[in-house]
Each structure stands twice: as C-alpha cells, then as structure tokens.
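Take a look at the structure set out below.
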Amino acid sequence: MNIWNVFAPVYEFSMRTQKNIYDFLYARIAEVAKGKDVLELATGPGMIARHIAPAAKSVVATDFAPKMIETALKAKNPDNLSFEVADATSLRFADNSFDIVVIANALHIIPNPEKALEEIRRVLKDDGMLIAPNFFFREGGKKNLWQKFLSLVGIRFAHEWTEKEYKAFLESNGWKIKMARVIEGRIDLIYVECILGIQVPLIHSNNSGGVSNLCDTVA
63 MNIWNVFAPV YEFSMRTQKN IYDFLYARIA EVAKGKDVLE LATGPGMIAR HIAPAAKSVV
123 ATDFAPKMIE TALKAKNPDN LSFEVADATS LRFADNSFDI VVIANALHII PNPEKALEEI
183 RRVLKDDGML IAPNFFFREG GKKNLWQKFL SLVGIRFAHE WTEKEYKAFL ESNGWKIKMA
243 RVIEGRIDLI YVECILGIQV PLIHSNNSGG VSNLCDTVA
C-alpha cells in the first residue's frame, strides 16, 4: 500500500505547521519560475504548483500516488497548471522539455534518488535549473519529536541525510549548487537551486525568523 495515498486527504492540513517553510517556497520558486515551463515532481496535493503557476508560463505537476493527484484536482487550479500521475524515476517527457524542475521534500523518500536525478537531467534544458528543497536530519542523527511521530504513523525515509550529506549527494550526481538556504521548522529544510555541472557517473548508494542566518551561498 502506498502510504501517500492514505495521507493525501490530510497532507496539506498537516503541513500548516510548516507555514514559514512553505511561504518561503511559494515566494522564491514563483520568482524563479516567472515565464518558464516548469515540471514539478512529487507535487502531493499540488500546494507548490498552485502557488507558482500564476507566475510561470506553464506547470506540469506529477505525483506517484494517484490519491494525491485526485486531491490536487479538487482544488481551484490555474488554467496553465495540469496534473498527472507519474514515477519520478521514469518520466514520459521528451529530452530538454523544461526550464525548471522542482522536486520538494521527496528525494529522501525515493529508494533510488539517483535515478530520479538522471531523469530530471534528461528532461531539463541544458541551461535549466533544478530546485530541490529537502528536509534533513541534524548532525548526530538524533530525531526530534515530529520525526519520531512520522515514523510511528508509518512514514519512513529511505535516506536520512544531514544538510552537508544532502548537498554532497547532489554534487556527486553532477549538480552544481548555485544557491542554498536553511529554513528551520518542525523538520528543518535545506532549499537548493542547482544547475548542471560536470557530468559524472551516477553514484548509488537558526534564528527567530525561521530562516537560518546564513545559509545563502552563491557559486
């Protein structure tokens, strides 16, 4: 059973506790996506897609869980936004189709995230951008109460990266990080924007505002 089908009806409600994170994602991604053709993978109930579509040229939002797409379609969606069920590791889209690919809070739950990155590389234009914000674990691997709760209800992560490990994972798979920012929440998030770097073989394997004082890096 796909656990995300079960959680589809309540996913958006549960993410309200991460409001500061999502407010940042909506504003930043909409800014970057202005006038662009965007693909979102693992859209869930379409929260990010719905917020960025008014700024974008077009948005195709996909998810592996059919119930997530059913939930997304029930909302009032912009005309330039479409939804479909899709596997991030095996996409139907032609090479060089999109200016931007967004995959938020999903690479850590995919058993083979390298394959997803390979597909993203294929469908992204040569001068395109990957936006891949992801929850991460703090150094030492200690889980907070929210992470422990998610484990209890059956949501488990295939990869429990720290901030450094996540950025190293992206770089080892051929991506150059152009901007990174840590945003604190019940589970901390590292927001990253990447461009294609040197093509390498795939490797298998805080503060009061909620935004960490640093973590903006521009290469």
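Quick note: the numbering used here has the sequence shown finishing at residue 281, numbered continuously throughout. Every residue, glycine too, gets a C-beta built ideally from N, C-alpha and C. Predicted model only: the values in this text are computed from it and were never measured.
Query, Result
"Just reading off the beta strand (DSSP E) that residue 138 is part of, what are its end residues?", "Per DSSP, residue 138 belongs to no beta strand (DSSP E) and is neither H nor E."
"Report the three-state DSSP secondary structure of residue 238 (helix, strand or coil).", "strand"
"With the cut-off set at 8 Å, would you say residue 147 and residue 193 are in Cβ contact?", "no"
"Kindly indicate which three-state DSSP category residue 249 falls into: helix, strand or coil?", "coil"
"What do you reckon, are the CB atoms on residue 181 and residue 143 nearer than 8 Å?", "no"
"Have a look at the DSSP bridge pairing and note the partners of residue 196.", "252"
"Residue 86 lies in the alpha helix (DSSP H); which residues open and close that run?", "81–94"
"How many Å lie between residue 98 and residue 159 at the Cα?", "11 Å"
"Determine the DSSP secondary structure at residue 172, reduced to helix, strand or coil.", "coil"
"Using alpha carbons as the reference points, say which of 81, 197, 128, 119 lies closest to residue 92.", "119"
"Leaving out five residues before and five after residue 225 in sequence, what residues of the same chain have Cβ atoms less than 7 Å from its Cβ?", "198, 244, 252"
"May I ask you to report which of helix, strand or coil DSSP gives residue 258?", "strand"
"Could you say which of 157, 176, 236 lies nearest to residue 186 if we only look at CA atoms?", "157"
"Assign residue 250 to buried or exposed, taking buried as 16 or more other Cβ atoms, counted over all protein chains shown, within 10 Å of its Cβ.", "buried"
"To the nearest angstrom, report how far apart residue 150 and residue 247 are at their CA atoms.", "26 Å"
"Between which two residues does the alpha helix (DSSP H) harbouring residue 123 extend?", "No alpha helix (DSSP H) contains residue 123, which is instead part of the beta strand (DSSP E) from 120–125."
"Only counting the same chain, and skipping five residues up and downstream in sequence, which positions put a Cβ closer than 6 Å to that of residue 123?", "102, 105, 108, 111, 145"
"Considering only C-alpha positions, which residue in the set 82, 114, 222 is nearest to residue 94?", "114"
"Could you pull the DSSP bridge partners for residue 152 from this structure?", "149"
"In the DSSP output, what is residue 191 paired with across the bridge?", "162"
"Can you tell me the Cα-Cα spacing of residue 236 and residue 258, whole angstroms?", "6 Å"
"Please state the DSSP three-state secondary structure of residue 233.", "helix"
"What number of angstroms, rounded off, separates the C-alpha of residue 256 from the C-alpha of residue 136?", "32 Å"
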